[in-house]
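Protein chains in written order, with my numbering: chain A, 1 to 622; chain B, 1 to 163; chain V, 1 to 493; chain L, 1 to 102. We put the beta carbon where it would ideally sit given N, CA and C, even for glycine.
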Amino acid sequence: MNPNNLLIPVLLPLLLALFSFLLPGSVKRLREAVSVLGAALFVYVAVSFFGQKETLLTVPWMGHGIDFELRLYQFSQFILLAVSGFTFLIALYSTVRMAGHARLREYYGYLFLTAAMSAGAVLANNFVPLVFFWEGLLITLYALITVGGRGAHRTAVKAFLIGGFCDFCMILGIAILWSQTGTLRLSDISVVPQGLTAVSFYLMMIGAVAKAGSMPFHTWIPDAAVDAPVTVMAFIPAALEKLLGIYMLSRICLDLFQIEVNSAPALVLMTLGALTIVLAVFMALIQKDLKKLLSFHAVSQVGYMMLGVGTAVPIGIAGGIFHMINHAMYKSGLFLAAGSVEQQAGTTELKKLGGLARSMPLTALGFLVCAAAISGIWPLNGFVSKEMVFHGSYETGYTVFTVAAWLGAILTFASFLKAGHSVFFGPRAMENAQVHENKPPVTLAILALAALCVLFGVWNALPLKLFIQPILAGHPGAAGEHLDFTAHALAVFNPIALISMGCLLVALGLHLFGFKRGGNKAYLASEPIHRLPVLHTIYDLAEARVFDLYEQGIKGLQALSRFLFRFVDRPIDAFYEKVVVGVGRAASGAIRAAHNGLYANYLAWTIGGLAIIAWAIGALLR
Amino acid sequence: MHLFLLIGLVAFSAVAILCRELLKSAISLAVASIFLALLLFEMGAVYAGVFELSVVAGLITVLFITAIALTRGDGDVAEGRAQRWVFPLFFLALAVVDVLVMRRLLGRIPAIQGSESGGFSQVLWNQRTFDLVGQVGVISAGVLAVLALFRREGGHGKGEGHE
Amino acid sequence: MLFLYIIVPLLLAGLLPLLGKLSKRLLPDLLASAAMLFLLVLTVIGARPLISGGGVIQQATWFQAPLNIRLLLDGFSLLMLFTIALVSFVVCVYSIGYMEHYGAKANYYALLLVMIAGMNGLVLSGDLFTIYVFLEMAAVASYALVAFGRGPDELEAAFKYLMLSAVASAFVLLSIAVLFAVTGGVGFGAVAQGLKTLNVRTLVGICSALFLAGFGLKAALVPFHSWLPDAHPSAPAPISAMLSGVLIKVSGVYAMTRVFLGVFGLTPALTTVLTVLGVVSIFVGALAAIGQNDIKRMLAYSSISQIGYVVLGIGIGTPLGILGGLFHLFNHALFKSLLFLNAGAVEQSTGTRSLDKMGGLAKVMPVTAVTSVVGSLSIAGVPPLNGFWSKLLIIIALVQAKMLTLAVLAVLGSVITLWYYLVLQHQAFFGKLNEAWKSVREAPFWMSAATVVLALLCVAVGLAFPFVVGTWLQPAADALGQGVNVALNFIGF
Amino acid sequence: MSNLWVLNLGFAVLLVGVGLYCLLTMRNTVKLLIGIEVIAKGVTLALVAGGAARGNLMVAQSLAITVIVVDVAVIATALALVININRHTKSLDVRKLTRLKG
């Protein structure tokens, strides 16, 4: 393949973005048509790239190893394919869901800009372009959240600052890595994390997992769920950021650094993953708003991926990566379904919804399949990838992580039982008597994702053999081993799978118990857990955002700034106002006064300058 | 003879500067020019001497006198007396420094003997052709400048309201 | 072929006063812009390939008949030719709209063309004395152009400019006379060869001081800068752009660099003097700019400050320093021309140059506002615009050369630059729209087109700076990096 | 280097000094131009003397002539400026030319 073709996946969405920006805001149909067709073309490009031999594009740039390099190989092909697929589905869905939105021009523009940046970040083989695309994503994220309207601005700033902080960590890590290895080319780096390189690993890990939305860098996601357009949620936190973050994490763990099983970095990653699973799912369980509930799950599921990659065992890593793609599919599907419900019923509050399965059968079907997939019900894709993660974590010998993952599975299923039950079953709420099924593009997108969930579960050999195993084949840890995860993927009769199934039953029990206690109101099904003695206090604190590092950080900063303002800033300000600006102004005034317009004066400067220079040169010559 | 001409040149230049009346200044400048022309003759630079005589002593003096005539009546600017009294002191100091510096240079500066051949016009035409193009350019610049500054139309006093 | 750079503008300048009788506007507009476009294209297509193997000497011809004129072209001259052609083309296009109300367009273009011919000749000459002649040619034309409006301000500025320039020329000429007497020649090669065999350090020191004062005055280095804040604001806007954008660089920086690096060879003493002068210029210019209320005067002081960066970079003498200095020279030509053209557009629309009276003009003059923001950010060194990269190169070069104090000062100067450009943008284009300017219109098409081209170039050069550096600047820096060897190699011609 | 050259150079520097004195202290703009002329004479002298001392007289003359021509153009422009200024201010005093400052 011609290396220059590698620019197409970056340039094509960029062109589409430019097109949307340049088109006057009043043009609607044309914009939508071009967007959908362009996205379809993008998919075609990605498909045609798939299975190609490894290709490198190198454009010399600044020298000193800073070049514009793109690399297409199994892993990036796969992620590129996924990115293009989601772009297409979101574009299709947006034609209905975003129709009539006031800022369509910016919306589509930034949407495709995001796709272009993602494609660039996936393909980049040099840290400098990588950071460029990575930072670009931060900006488009900011812009896309603000499309949501007034309240969105605060959330956008929050997302931007958190992302900026984590990206800064990553850049710092890259800088350390550069100084240690002397190269910026990703494919040339493979080091053991020790000393400084270990610091570099942790810093880069922060950057990657924060992009994926791990705890404790997740807090903007639930806020954005309320403020940002739901398509943006389905596109970015649910799909793209998971893809990119976990892609990056896998690159870090597989290629850039050689991570041993159960070494310190691996344990840190697994701990962070397990914590993310459990804590986020606890928060998800008690949510009473569908979008918020989904967003906490978007955080929780990252934990599985981190746990999987962190095991450093082939099956665990494969599970993590497989879970990433699965999650992107069903979480997007869920968000889109939620968006569909919101559009038709006007709300996503669980209390106000109910019995929608009859009036919106297709949406309901999609939602249920996706919910089943995320809960890990046999034989859907979630089951396969979760099992792989369980196996992987079990193999490391640290059973505690497996237990945490199971706990997560219980609560995930419980919360989705609650959500599905309250929205689609039970008595029909008064408010949504007139609700109808949504338009075809919407249901098509949802059902496509649901179908993919089924496909990847039942016929898991396809993704595993086609996508996942080639990635690991080149990995040093797996070299020589024959990799085949498909054989036992859907096996039920082994201890781990049986325990997982047991977990689901526990969850069902919990739900029914809560349902009865809540007076047959599904949305109250999680209340018994909510009300547990210690948990209750923790929940209250969490609702008050006590655990939100950003909010706490802001509060701390405010206190600090008040302190600094009074005791440090004022004196410094006085110094600054009086001395720095004063000196600047005084110097300016003096210089201006010296330019008094007299020719003789100017000539005297000239002659004086000549004399001084002659003297200086004479003095320096000696 | 050479020294006499040099002293004459400097003396008339000084007079040109110190003279109160502009007309006399211009005339003594012309005289200084004549001295310079004689100096050039004496050094063998005949063509330069002729040029100095005709252009500087002639043309530039005419230009000065025309300008003085055009601005007469309001051109009487009172030069301070101090300038005239300080001048001898300044001149003396300058001369002393000059003599000291030049004495140090005397015999110290090595040089390469020139190796030119051919007559004046040949040199001018063969070696300094580029300067001739430059001369044409400078002259046209000067002509255009004068044309622009004395043009009839346009010209607005933008700065007028800018106090 | 290189002779065309001098003869085309000069001939056209001779013809224009006659053609001006036939057609007052159309022909002068058309011919001047076409000539500049021709030279620009010639530079890119014709002249660039010439230097692929280093510097060349070309004999001028007049209708195939050879003339005794030898033109020197190397990377450095080519860069200057390109800068001159680029800026003067844009300025000619801009003048179509701007010079309407001044009248005497033919005369104006003729003077502008003579100035351009002078600069081109200066850049192409391989001889100290010829440099002086062409420098005067450009200077005489520029005096008239500064005074073109014939208001009291214009005349006063032009007069002071002329009187100070004349002294500077005398310094240069005196130095040339001494070198001529000692080495027996005025060509670069002859002088460099002579100085090499004679080894007269004191004399070279004195001549350096004289050249530095003379060319320093043309380049407006502090303390020789005093004419610039008067002359540049007073001139019509396109001429301000031309003077600040090109003239001070060609007749000041180019000539100075050529003589010091190419003929004398850079000594540590010169490095010290040049870098110190550069930093002093940066600060005096920037500090004086803070307190200005006249938009063009602020820009003029800023030119002094930015020339300081250029001289600072070149004065370091390391390859990277020279590259950074030259890159900043090129960039400054772009954004300072842009800013002066914008200031002209604002002045033409509102009739004032006072920042106090402006405000909110972005609402009524969006194109001007946007291009001016681009220019301001570029000059203040905000990434990824072009000014950032050149300043970065200079600062890296300073650090590499272990001149840390100067590096810190250079950064500080950049901060002050940002400060006053923010003030400028804020006062002129943002904030509340002054009631008086409600009915103000955007500048005419040709003026806006010129500024948009420059703004786009600023962005493009910033983004594609490795390309620009590779194509235009590296050859220039390489030519200078060889020091006096270039001149010595040409002695056989 | 010949003594004659040093002598000539000394006088040339003297002329330049005198001219600069004029520029620094005098008020009348036409007088200032005369100062410029005096400086130009010094430079011409230095150029020709340099050529004469080294047997480069022909080149020196060419240079001197060019200098003279350039000088004429400069003086003509300057006088045109002076006359124009005189129309505005009705004065030749250079110290009154202080509209532009700061």
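- Residue environment analysis places Leu196 (chain A) among the exposed positions, since fewer than 16 neighbouring C-beta atoms fall within 10 angstroms of its C-beta.
- Neighbours of Gln83 (chain B) in chain V, taken as residues whose beta carbon is under 8 Å from its own, are absent, since the nearest beta carbon is some 17 Å off.
- For Ala48 (chain B), no CB of chain V lies under 8 Å from its own CB, so it is not counted at the interface with that chain.
- Under the DSSP definition of a beta bridge, Arg185 (chain A) partners with A:Asn126.
- From the beta-carbon of Phe130 (chain B), no residue of chain L is found nearer than 7 Å; the closest lies around 10 Å away.
- For Ala147 (chain V), the residues of chain B that pass the 7 Å Cβ criterion are Leu149, in the order they occur in the chain.
- With the criterion set as a beta carbon lying under 7 Å from some beta carbon of chain B, the members of the segment 65-76 of chain L are Ile65, Thr66, Ile68, Val69, Val70, Val72, Ala73, Ile75 and Ala76, in sequence order.
- Lys160, Met163, Leu164 and Val167: these are the residues of the segment 155-168 of chain V whose beta carbon lies less than 7 Å from some beta carbon of chain A, given in chain order.
- Secondary structure of Gln59 (chain V) (DSSP, three-state): strand.
- Cβ contact annotation for Gln427 (chain V) (same chain, cutoff 7 Å, sequence separation greater than five): Leu355, Met358 and Gly359, in chain order.
- Cα atoms of Ser375 (chain A) and Val59 (chain A): separation of roughly 46 Å, rounded to the nearest angstrom.
- In the three-state scheme derived from DSSP, where H, G and I count as helix and E and B as strand, Phe465 (chain V) is classed as helix.
- Contact residues of the segment 2-33 of chain L toward chain A are Leu20, Leu23, Leu24, Thr25 and Leu32 (C-beta to C-beta distance below 8 Å).
- Pro9 (chain V) is positioned such that its CB atom lies no closer than 8 Å to that of Ala106 (chain V).
- Assignment of beta-bridge partners to Ser354 (chain V) by DSSP yields V:Asp294.
- Tyr143 (chain V) has a beta carbon lying within less than 8 Å of a beta carbon in chain L.
- For the options V:Val114, V:Leu122 and V:Thr130, the alpha carbon positioned closest to that of Ala141 (chain V) is the one of V:Val114.
- Per the Cβ contact rule, the segment 160-169 of chain V is not in contact with the segment 179-187 of chain V (fewer than 3 Cβ pairs under 8 Å).
- An exposed status is given to Glu21 (chain B), since fewer than 16 other beta-carbon atoms sit within 10 Å of its beta-carbon.
- When Cβ pairs closer than 8 Å are counted between the two stretches, the segment 458-465 of chain V is seen to touch the segment 384-391 of chain V, the count reaching three or more.
- What Val43 (chain L) touches in chain V, judged by beta-carbon distance under 8 Å, is Ala170, Leu173, Leu174 and Ala177, going in chain order.
- The Cβ-Cβ distance between Ala357 (chain A) and Leu294 (chain A) does not fall below 8 Å.
- One Cα belongs to Leu243 (chain A), the other to Met204 (chain A), and the distance between them is close to 16 Å.
- From the beta-carbon of Gly609 (chain A), the residues of chain V found nearer than 7 Å are Ala213, Pro223 and Phe224.
- The C-alpha of Asn120 (chain V) is placed about 44 Å away from the C-alpha of Leu433 (chain V).
- DSSP, read as helix, strand or coil, puts Arg97 (chain A) in helix.
- Put simply, the CB of Pro152 (chain V) is near chain L, with a gap under 8 Å to one of its CB atoms.
- For Gly44 (chain B), the nearest CB of chain L lies under 8 Å from its own CB, placing it at the interface with that chain.
- The CB of Glu21 (chain B) never comes closer than 8 Å to any CB in chain L; the least such distance is about 10 Å.
- DSSP places Glu69 (chain A) within a strand segment (E or B) once states are collapsed to three.
- The segment 10-88 of chain A is shown to contain whole alpha helix (DSSP H) runs of 4 or more residues at 29-49, in chain order.
- Residue pairing from DSSP leaves Ala220 (chain V) without any beta-bridge partner.
- Note on the segment 380-441 of chain V: whole alpha helix (DSSP H) runs with a minimum of 4 residues are 386-400 and 404-429, in chain order.
- Interface annotation, Val263 (chain V): not in contact with chain B, CB-CB separation never under 8 Å.
- DSSP, reduced to helix, strand and coil, places Glu349 (chain A) within a strand of the structure shown.
- For a Cβ distance threshold of 7 Å, residue set Ala67, Leu70 and Thr71 of chain B lies close to Ile83 (chain L), ordered along the chain.
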